[in-house]
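FYI, this note's numbering numbers position 51 of the sequence shown as 168, with every residue one higher than the one before it.
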Amino acid sequence: MYRLAFVLVKREDDAADITQETILRLWQKHDEISRTLNHKAYCLTAVRNRALTHLQSHESDSEMPESIESPEDIHHAFESRETLSITERAMEALPANQKEVIRLSSYAGCTNSEIAQITGLTEVNVRALLSRGRKRLREIIISYR
Numbered sequence: 118m119y120r121l122a123f124v125l126v127k128r129e130d131d132a133a134d135i136t137q138e139t140i141l142r143l144w145q146k147h148d149e150i151s152r153t154l155n156h157k158a159y160c161l162t163a164v165r166n167r168a169l170t171h172l173q174s175h176e177s178d179s180e181m182p183e184s185i186e187s188p189e190d191i192h193h194a195f196e197s198r199e200t201l202s203i204t205e206r207a208m209e210a211l212p213a214n215q216k217e218v219i220r221l222s223s224y225a226g227c228t229n230s231e232i233a234q235i236t237g238l239t240e241v242n243v244r245a246l247l248s249r250g251r252k253r254l255r256e257i258i259i260s261y262r
């Protein structure tokens with residue numbers, strides 16, 4: 118749950134708060150949750166919804182914290198920041214639905230069926246979005262090099 122929140126809001130403190138708030142709300146609704154078939158998908162949907170609400174009400178800061186001590190650290194930090202920047206720009210260039218399924222699959226570790234339950238899409242649509250999105254990501258990243 119934390120991993121998905123972090124992927125969406127990109128801040129550790131906010132992700133921890135969102136996860137904690139979601140767990141509290143889920144605990145308050147534990148009778149309702151016990152009747153669901155896929156608890157993981159239900160919980161991830163709750164985290165996703167809470168994170169999206171948070172993003173709508175707060176401006177997210179995407180600065181990378183750094184602690185640089187040597188020239189090698191500076192070089193590594195620069196490469197990491199450059200790679201992260203290229204990846205983020207490539208992800209932002211994708212349509213929202215492709216971006217969301219890629220994040221759920223790659224960052225949150227969800228299966229296609231879980232992504233379908235979370236997003237309300239069909240599994241066939243999830244597979245197609247993942248395939249097209251990954252292909253487009255490769256094209257964008259190659260064009261930056």
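Using N, Cα and C, we set each Cβ at its ideal position, and we do this for glycine too. Keep in mind that this is a model prediction, so the values were computed, not measured.
Candidates the options, of which the one nearest residue i by Cα
i: S223; options: M208, R142, S202 and K146; result: M208
i: R249; options: C160, K127, L211 and I232; result: L211
i: R142; options: N166, R255 and V124; result: N166
i: I135; options: V164, H156 and D148; result: V164
i: M118; options: H156, H147 and Q145; result: H156
i: T162; options: I259, I257, R253 and I235; result: I235
Under the three-state DSSP convention, the category residue i falls into
i: C227; result: coil
i: K252; result: helix
i: N264; result: Past the boundaries of the shown model lies residue 264; the chain is included only from 118 to 262, so the question cannot be answered.
i: L211; result: coil
i: L238; result: coil
i: R167; result: helix
i: K267; result: The structure shown has nothing for residue 267, since the chain only spans 118 to 262.
i: K146; result: coil
Residue i, buried or exposed, once every other Cβ within 10 Å from all chains shown has been counted against 16
i: T239; result: exposed
i: Q137; result: exposed
i: A133; result: exposed
i: Q215; result: buried
Separation of residue j from residue i, as counted between CA atoms
i: Q173; j: R152; result: 30 Å
i: N242; j: V218; result: 10 Å
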